[in-house]
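Report on the structure given below.
Residue numbers (UniProt numbering), protein chains in the order written: chain P, 1 to 205; chain V, 1 to 205.
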């Protein structure tokens, strides 16, 4: 791409550094900002700068928070003895949306992924182990994505927890509610049969 | 979406104001920036601010430029008597990429679109008419998108030019090079027959 302006080229280049944004999309976004009032660009850049410099992570669960202790950890009505281990803030938001969970979370900040150079020390795993060692936790629920990296991370943490007095569980894998059986992949379908539950239990929800 | 942080919510909101970026994509982009070094966010916001505050438009053709007169208008080897009318800087870049055009441009900054509240006075049409009236222009080439708004804009400018001593032309519409006839829409195919050219002319390229 040949740009008529260095300023334009620079803005497009920086925008195209974002994941999933190619040069053409970046140019479209930047030209859109140029057509809008200057205030919109200001608000965008201020919000991004504000977030990047002012961001805090909850000292208990490592979730993104504006306060030292996030709203969930600070809420006395939540069961602090149950901890759901998730990858990032999006998973916390997704589980909170179900209104089915009343425990705490532990945000790892990623998954173990040697290919991307992410090892256990880059995540908040040790802080989780310390929490368990302190004896205040009864159950750990693994809720990572069902991918190779997710399974590796689950298993790594599981091994670290051996010998510690804590129950571990993982969220159920199976056919999604509303899905047709014939379109389910065989691994999921197989697990849903192996991990079948008493029919009466399914009536409770 | 329930956010655990106001800063995060604000950044996601501002990001989702960009065209084609929904709340989910905005959250993904913002979380990506959080995982990158702080310098990347700084560079992005500085580039956007720099562009928005420092942007100049060529006083002759209204293209985005870092200088008063853009490189094309300042180039003495280009034919200033031929002016190609385009919508925005992307079209200039696209035509420049073909290396087939040696004239000047005139960037309208949009198309007449009553539904979006864009009238002739919001574009640089009058400055084009003035240029023509000054007598320095021999040919105007319309190169707007072949949409209702593009055709309306073409026609509006065409009417304004009536009585002025200037040749007008429009870029050829037809079957794209490499395309199969059977998949072309009938309007395009019809135009390509009506506007057929002597076979010898097609051998020149």
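Even for Gly, the Cβ is constructed at its ideal location relative to N, Cα and C.
By alpha-carbon positions, which one of V/202, V/142, V/68 and V/12 ends up nearest to residue 58 of chain V? V/68
From V/163, V/180, V/197 and V/145, residue whose alpha carbon lies closest to that of residue 94 of chain V: V/145
Contacts that residue 174 of chain V makes with chain P (C-beta to C-beta distance below 7 angstroms): Under the 7 angstroms cutoff, chain P gives no residues; its nearest Cβ is about 24 angstroms from residue 174 of chain V.
Are residue 187 of chain P and residue 142 of chain P closer than 7 angstroms when you measure CB to CB? no
Name the two residues that bound the continuous alpha helix (DSSP H) containing residue 55 of chain P. Counting along the chain, residue 55 of chain P falls outside any alpha helix (DSSP H), and DSSP gives it neither H nor E.
Candidates P/173, P/19, P/180 and P/26: which alpha carbon is nearest residue 196 of chain P's? P/173
Please report the straight-line C-alpha distance between residue 202 of chain V and residue 100 of chain V, rounded to a whole angstrom. 15 angstroms
Have a look at the DSSP bridge pairing and note the partners of residue 65 of chain V. V/56
Give every residue of the same chain whose Cβ lies closer than 8 angstroms to the Cβ of residue 16 of chain V, excluding the five residues on either side of it in the sequence, and list them in chain order. 22, 23, 25 and 26
Residue 84 of chain P - containing beta strand (DSSP E), residue span: 79 to 86
Hey, is residue 61 of chain P's beta-carbon within less than 7 angstroms of any beta-carbon in chain V? no
Who are the near neighbours of residue 11 of chain P in its chain, counting only those whose CB is closer than 6 angstroms to its CB and skipping five residues on each side? 30
Tell me which residues share the same chain as residue 184 of chain P and place their Cβ nearer than 6 angstroms to its Cβ, disregarding the 5 neighbours each side in the sequence. 175
Look at residue 104 of chain V and residue 132 of chain V and say whether their C-beta atoms are less than 7 angstroms apart. no
Three Cβ pairs or more, each shorter than 8 angstroms: is that satisfied between the segment 111 to 131 of chain P and the segment 65 to 80 of chain P? no
Tell me whether residue 9 of chain V sits in a helix, a strand or coil according to DSSP, three-state version. helix
Can you round the beta-carbon distance between residue 149 of chain P and residue 112 of chain P to whole angstroms, since I take them to be within the 8 angstroms contact cut? 6 angstroms
Would you list the residues sitting across from residue 105 of chain P in a DSSP beta bridge? P/84
Count the other CB atoms within 10 Å of the CB of residue 134 of chain V; is the residue buried (16 or more) or exposed (fewer)? exposed
May I have the straight-line CA-CA distance separating residue 7 of chain V from residue 55 of chain P, to the nearest angstrom? 7 angstroms
So the beta strand (DSSP E) residue 167 of chain P belongs to, where does it begin and stop? 167 to 170
Using a Cβ cut-off of 7 angstroms (strictly closer), state whether residue 111 of chain P contacts chain V. no
CA-to-CA distance, residue 89 of chain V to residue 151 of chain V, given in whole angstroms: 19 angstroms
Unbroken alpha helix (DSSP H) run spanning residue 162 of chain V, endpoints: From DSSP, residue 162 of chain V is part of no alpha helix (DSSP H); its letter is neither H nor E.
Residues that DSSP places opposite residue 113 of chain V in a beta bridge: V/118
Whole angstroms are fine: how far does the CA of residue 96 of chain V sit from the CA of residue 157 of chain V? 23 angstroms
Chain P partners of residue 32 of chain V, CB-CB under 7 angstroms? 18 and 19
Measuring alpha carbon to alpha carbon, tell me which of P/200, P/109 and P/20 ends up nearest residue 92 of chain P. P/109
Whose C-alpha, out of V/115, V/164, V/102 and V/98, is nearest the C-alpha of residue 128 of chain V? V/164
Distance, residue 198 of chain V Cα to residue 161 of chain V Cα: 29 angstroms
Can you tell me which of the three DSSP states residue 125 of chain V falls into? helix
In whole angstroms, what is the alpha-carbon distance linking residue 33 of chain V and residue 14 of chain V? 14 angstroms
Report yes if the C-beta distance between residue 41 of chain V and residue 44 of chain P is below 7 angstroms; otherwise report no. no
Quick one: what's residue 139 of chain P bridged to in DSSP? P/82 and P/167
Under 9 angstroms (Cβ pairs) to chain V, residues found in the UniProt domain "Toprim" (81 to 176) of chain P: 88, 89, 90, 92, 93, 96, 97, 109 and 110
Any chain P beta carbon closer than 7 angstroms to residue 6 of chain V: yes
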